[in-house]
Amino acid sequence: MQNHEEIFHNSASHIGGILEINKIPKSDFGFTETQHDSYGFLITLTYSFHVVEDTDTVAGGQRISGNHYTSSGYEKTKANYYKYASQCNNEKSEFIKNARSNLVSLFIENKDKNVWVAPTFSYSYNCSRCSGRGQVTCFSCGGSGKKICYGCGGSGSVSEIKSVSDIHGNYEYVKINRSCDSCGGSGRQTCQACHGSGKETCSSCSGHGYFTEYCHIKTIAKPAITYDAERGLYATEVVNYFLPRTNAYLCKVMQPEYTGEAGLNNGDYCFNMKAPITVVEYTVTVRGKEFVEVAVNRVPGILYPPIFDHLLGKVEEQLVDSRRQSRGHILKLYQDIMDHHAINEALEAYREAGDAAKGQKIEAVKSRVHSATGGYISDGFSSTISEDIVNLMSRLAPHSTSWPWWLAGFLCLVLEMVLATHLGYKNISHSDSMTGFDSISAPILGVDLLFVMVMALPVAFLNWLVTRYRQRGVSAMHRPKVYHRKHIMRVIGVLSVAWYLFLVMLYLTHSFAHSEYVGISHYGDTAYTKIVDFTNSNAIIWVEKHVRDWITHLRSYAQKKGLLIWGMVIVGIPMFFMPTIVAWFRRKKNIRWIFVGNLFLPMLSWFLWFVILYLVFL
Numbered sequence: 003m004q005n006h007e008e009i010f011h012n013s014a015s016h017i018g019g020i021l022e023i024n025k026i027p028k029s030d031f032g033f034t035e036t037q038h039d040s041y042g043f044l045i046t047l048t049y050s051f052h053v054v055e056d057t058d059t060v061a062g063g064q065r066i067s068g069n070h071y072t073s074s075g076y077e078k079t080k081a082n083y084y085k086y087a088s089q090c091n092n093e094k095s096e097f098i099k100n101a102r103s104n105l106v107s108l109f110i111e112n113k114d115k116n117v118w119v120a121p122t123f124s125y126s127y128n129c130s131r132c133s134g135r136g137q138v139t140c141f142s143c144g145g146s147g148k149k150i151c152y153g154c155g156g157s158g159s160v161s162e163i164k165s166v167s168d169i170h171g172n173y174e175y176v177k178i179n180r181s182c183d184s185c186g187g188s189g190r191q192t193c194q195a196c197h198g199s200g201k202e203t204c205s206s207c208s209g210h211g212y213f214t215e216y217c218h219i220k221t222i223a224k225p226a227i228t229y230d231a232e233r234g235l236y237a238t239e240v241v242n243y244f245l246p247r248t249n250a251y252l253c254k255v256m257q258p259e260y261t262g263e264a265g266l267n268n269g270d271y272c273f274n275m276k277a278p279i280t281v282v283e284y285t286v287t288v289r290g291k292e293f294v295e296v297a298v299n300r301v302p303g304i305l306y307p308p309i310f311d312h313l314l315g316k317v318e319e320q321l322v323d324s325r326r327q328s329r330g331h332i333l334k335l336y337q338d339i340m341d342h343h344a345i346n347e348a349l350e351a352y353r354e355a356g357d358a359a360k361g362q363k364i365e366a367v368k369s370r371v372h373s374a375t376g377g378y379i380s381d382g383f384s385s386t387i388s389e390d391i392v393n394l395m396s397r398l399a400p401h402s403t404s405w406p407w408w409l410a411g412f413l414c415l416v417l418e419m420v421l422a423t424h425l426g427y428k429n430i431s432h433s434d435s436m437t438g439f440d441s442i443s444a445p446i447l448g449v450d451l452l453f454v455m456v457m458a459l460p461v462a463f464l465n466w467l468v469t470r471y472r473q474r475g476v477s478a479m480h481r482p483k484v485y486h487r488k489h490i491m492r493v494i495g496v497l498s499v500a501w502y503l504f505l506v507m508l509y510l511t512h513s514f515a516h517s518e519y520v521g522i523s524h525y526g527d528t529a530y531t532k533i534v535d536f537t538n539s540n541a542i543i544w545v546e547k548h549v550r551d552w553i554t555h556l557r558s559y560a561q562k563k564g565l566l567i568w569g570m571v572i573v574g575i576p577m578f579f580m581p582t583i584v585a586w587f588r589r590k591k592n593i594r595w596i597f598v599g600n601l602f603l604p605m606l607s608w609f610l611w612f613v614i615l616y617l618v619f620l
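All the letters of the sequence shown, read from the start, carry residue numbers 3 to 620 under our numbering.
Here is the structure:
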C-alpha cells in the first residue's frame, strides 16, 4: 500500500497536469497536505439461492429421449425436480467451497451462477384448432374447393359493347354477350388458396398437428454487494465515491482480502472482505482561491472541487455580456478566449456537432468541457457556459442560414408560377387546340420534377455563400460544415405542392371558363366531354378492349353530374402531399431514407398521377 506522501504527490501531479494543459502557469497554483488517515474498506458479497423454471413451446418439435412424458407424467416430474432444486444441499455446499477460493474473481464478475441444473424434459399435446390433423377447412372457399368467378360474377357470361360506324361516320354501340374466358362459362373457379382441396394448412401449429413443451429447472446463486468503511477520515465520501464504480476498478485501486463468511437464517450466504486504504486531504490554491481535494490510494481525487468555475468565471461573464453585442464585439471575444484549452475543446465540439439540434450541441460541448477540465467543474456551471458558447457560435459560425432559403424559395416559386402560366394557361385558353390531354400535360407534368430540382440548385448555392460569409473571421478548426440538405428538401416539397395546387386551380379555372353555366354542374360540349369522345373514337386497342365500357359510363356521368374534375382532384390529393410530408417530418439521416423519402416517393407519386390521367384522358 502507498504511503500518504506518495499519494499526495501523485494526486497533486494529476491536478497540476490538468491546470498546465489549460495554460495555467505553475506560479498561479500550489498544493498543501493537511491531514491523512488509514483504515479498512469493507465489502460484503451475499449470495441468495433461487429456483428458476423456464418453459418454451414449439409447433411440432422432437421428443427428448428418456425425458418425454404424458401430461400427468410431465407435471409429476416438474414437481419432483422443483422440490429437489429448492434444497440441493450438496450442490450448494460445493458452490460455497468453490466461491471461497475464487472470491475476488466472483466479486469482479458479479453475475448469477448455476448451482444445479435439472435435465430438460418435455411432453406433447394436440393442436386445439385443427384437433391434431394439421389442416383446417379453407376459409376462402368454405371447404368446397371452388369460388365464384370474378370475371363474370358467377353468371358464366360477360357482355361487351362494340362501336359500329355507319356511312355517315356516326357511331352506334352494340351490346354482345359471350362466354366468360376465366371460368369457361361455369361461373366458378378453382380456389387458389387451397388449390381445390378444400383444406389449408393450420396456421396455429404450422401443419404439425401438435405442440411440444420443454421445461428447464435450475437453482441459481444471485449476488448482492454492499460497501462500508471503518471509522475514519472522509469514510462516507469514500463509500459514496466507489458505489457507482465497477468492481474491477475498485480492485484496481485497492486489494480486498477474504476475512470471513456466514450463513444467514433466510438461506443466503455471505462472504466478507476488507481492503486497507489511505486517505489524504490536501488544499489546492489556484489564483488566490483555496479548494479541498481528497485522494484515496491510487485515486487522485474523489471530491472534484469546482476549480474551473473560478478560472472560467470571467469568460462566462463576457459571454453573458455578448448576448446583445454586435458581431464585431463577439468576434473579438471569440478571438480572445479561443486560446484557452477548455474553450478551444468546446469550440471543436461545436464544429463536430454540425447540423444537430441546439440541445444536442449543448450536450456535446458540455461533455467536452468536462473532459478538458478533468471533471473539476460543477455541473451547473458547465451547462451554463456550454449553452453560452453554442449561442455565441450560432451567431458567428452557423451551420446554415434560414432567411435566404425562404426568400430564394419564394422567388423560385414566383418564377415557377409565371412560367407555368405562360406555358400552361396559354395552351389551355385555346379550346380549338384541345385535341387531348397531351396539349396541357406535356409542358407541365413532363418537366415538373427536373424543373423544381434545377430551380432549387441556386437556393442551395445561395445558402452556401451566405453561410460562408457569416462564418468569416472564425478559425477553420471551429467552423461547422455548411449543411443545406434539409433546406433543399423543404424547398422541393413546398414548390412541388404549390405547383400541383396551382395546376388543379388551372383546371378548375378552365372548367369555369368553358361551362355553359356558372359553376361546374353542367359541362355540355366542353373540353372534358371532347376528351372522352376522343378516347371513345381514337383510343389504342388495349384501352378500347379493357376500359371502353367504363369510359362510356364516365362520359355520361360527366355530362350529367359535372363532377369529373372533382374526381381528378380527389384522386390526386394524397399524391400531392406525400412528398412534402416526408420531406418536412423526416428526422433520420440514413442515406437510404433520404433516397426513399426525397427521390423515390415523389417520383412514384408523380408517376402514378401521370399514368392515371393519361389512362383516363388519353
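For glycine and all other residues, C-beta sits at the position ideal for the given N, C-alpha and C.
None of the values given here were measured: they were computed from a predicted structure.
{"Item": "Tell me whether I533 sits in a helix, a strand or coil according to DSSP, three-state version.", "Value": "Any reading at I533 needs caution, since the residue's pLDDT is 44, under 50, leaving its predicted position unreliable; the model's value is listed next. Three-state DSSP puts I533 in a helix."}
{"Item": "When the Cα atoms are used, what is the spatial distance from D381 to K25?", "Value": "22 angstroms"}
{"Item": "Helix, strand or coil: which one does DSSP assign to T139?", "Value": "strand"}
{"Item": "Considering only their Cβ atoms, is the gap separating F123 from T79 smaller than 8 angstroms?", "Value": "yes"}
{"Item": "In terms of alpha-carbon separation, which member of P278, I332, N267, C151 lies closest to T622?", "Value": "Outside the shown range of the chain, which is 3 to 620, sits residue 622, and nothing can be said about it."}
{"Item": "Which residues in the same chain have their Cβ closer than 6 angstroms to the Cβ of F310, if we skip the five residues on either side of it in sequence?", "Value": "T375, Y378, I379"}
{"Item": "Reducing DSSP to helix, strand and coil, say where T79 ends up.", "Value": "helix"}
{"Item": "Does the Cβ-Cβ distance between V240 and D230 come in under 8 angstroms?", "Value": "no"}
{"Item": "Could you check whether D390 and E318 sit closer than 8 angstroms to each other, using their CB atoms as the reference points?", "Value": "yes"}
{"Item": "What residues in its chain sit with their C-beta under 6 angstroms from that of S161, if we drop five residues either side in the sequence?", "Value": "K177, N179"}
{"Item": "Considering only DSSP beta bridges, list what V119 is partnered with.", "Value": "K220"}
{"Item": "With distances taken from CA atoms, which of V296, G290, G211 is nearest Y243?", "Value": "V296"}
{"Item": "Check the C-beta distance from H480 over to L335 and give it rounded, since I have them as a contact under 8 angstroms.", "Value": "13 angstroms between Cβ atoms; not a contact."}
{"Item": "Could you check whether T214 and G136 sit closer than 8 angstroms to each other, using their CB atoms as the reference points?", "Value": "no"}
{"Item": "Is T221 buried or exposed, if buried means 16 or more other CB atoms sit within 10 Å of its CB?", "Value": "buried"}
{"Item": "Alpha carbons only, please: which of V106, C182, N116 is nearest the one belonging to S95?", "Value": "N116"}
{"Item": "Assuming C182 and C132 form a contact by the criterion Cβ under 8 angstroms, report the distance between their Cβ atoms to the nearest whole angstrom.", "Value": "So it is not a contact: roughly 35 angstroms between Cβ atoms."}
{"Item": "Can you tell me whether F109 is buried or exposed, with buried defined as 16 or more other CB within 10 angstroms of its CB?", "Value": "buried"}
{"Item": "Can you tell me whether D341 is helix, strand or coil according to DSSP?", "Value": "coil"}
{"Item": "Hey, could you find the ends of the beta strand (DSSP E) C2 is sitting in?", "Value": "The structure shown has nothing for residue 2, since the chain only spans 3 to 620."}
{"Item": "Below 6 angstroms CB to CB, which residues in the same chain sit around C154 once its five sequence neighbours on both sides are set aside?", "Value": "V160, C182"}
{"Item": "For T375, write down the residues that DSSP places opposite it in a beta bridge.", "Value": "Note: T375 sits in no beta bridge, so no partner."}
{"Item": "Could you give the DSSP three-state label for N179: helix, strand or coil?", "Value": "strand"}
{"Item": "Taking the Cβ atom as the reference point for each residue, do L623 and L398 lie within a distance shorter than 8 angstroms?", "Value": "Nothing in the structure corresponds to residue 623, since the chain is present only between 3 and 620."}
{"Item": "Leaving out the 5 sequence neighbours to the left and right, which residues in its chain are closer than 6 angstroms to T48 when beta-carbon positions are compared?", "Value": "A226, D270, C272"}
{"Item": "Taking T386 as part of the alpha helix (DSSP H), name the residues at either end of that continuous run.", "Value": "381 to 398"}
{"Item": "Is it true that the CB of F10 sits closer than 8 angstroms to the CB of V282?", "Value": "yes"}
{"Item": "Please report the residue range of the alpha helix (DSSP H) in which T238 lies.", "Value": "237 to 244"}
{"Item": "In the DSSP assignment, find the beta strand (DSSP E) that holds H52 and state where it starts and stops.", "Value": "31 to 61"}
{"Item": "Going by Cα to Cα distance, which pick from I20, V53, G19 is closest to K224?", "Value": "V53"}
{"Item": "Could you compute how far the alpha carbon of G234 sits from the alpha carbon of I364?", "Value": "40 angstroms"}
{"Item": "Count the other C-beta atoms from every protein chain shown that fall within 10 angstroms of the C-beta of K276, then say buried if there are 16 or more, exposed otherwise.", "Value": "buried"}
{"Item": "How would you call K591, buried or exposed, if buried means at least 16 neighbouring beta carbons within 10 angstroms?", "Value": "Legend: pLDDT at K591 = 44, less than 50; position of this residue unreliable, no value from coordinates given."}
{"Item": "Taking the beta strand (DSSP E) that E295 belongs to, which residues open and close that run?", "Value": "291 to 298"}
{"Item": "Between the Cα of S384 and the Cα atoms of R370, N82, T57, which residue gives the shortest distance?", "Value": "R370"}
{"Item": "Do you know how far the Cα of S324 is from the Cα of G356?", "Value": "23 angstroms"}
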